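Reading through the structure tokens given below for one structure.
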Amino acid sequence: MQLRLNGQPIETLCPTIRELLLDRGIDPEQRGIAVAVNDEVILRAMWGEHPLGEGDDVELITAMQGG
1 MQLRLNGQPI ETLCPTIREL LLDRGIDPEQ RGIAVAVNDE VILRAMWGEH PLGEGDDVEL
61 ITAMQGG
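The opening position of the sequence shown corresponds to residue 1 in the numbering used here, with each subsequent residue numbered one higher.
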């Protein structure tokens with residue numbers, strides 16, 4: 001299926017947010033990560049269950065330290 005990840009089109013077979021994160025080399029248990037699908041923030045507890053669909057717009061936000 002095709003979706004947009006942080007504004008970039010990607011092809012993926014990942015059925016859930018959790019699988020997408022793992023596929024991208026991101027530990028879903030890592031602190032400081034937020035995910036929105038189609039402008040709706042998805043609670044971390046739902047990442048393993050929230051389905052991704054064709055054309056979804058996924059925003060992945062990672063907090064960074066610095067100043």
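By construction, the Cβ of each residue, glycine as well, lies at the ideal position given by its N, Cα and C atoms. All values reported here derive from a predicted model rather than from experimental measurement.
- For THR12, I'd like the list of residues in its chain whose CB is within less than 7 Å of its CB, leaving aside the five on either flank, ordered along the chain. MET1, LEU3, LEU20 and ASP23
- Beta-carbon gap between ALA88 and ILE61 smaller than 8 Å: The structure shown does not extend to residue 88, since the chain spans only 1 to 67, so no value can be given for it.
- ILE26 (DSSP reduced to helix, strand or coil): coil
- Pairwise C-alpha distance: GLU29 and GLY48: 11 Å
- Message: So the candidates are ARG44, ASN38, ASP39 and ASN6; which of them puts its Cα closest to the Cα of ASP27?
- Response: ARG44
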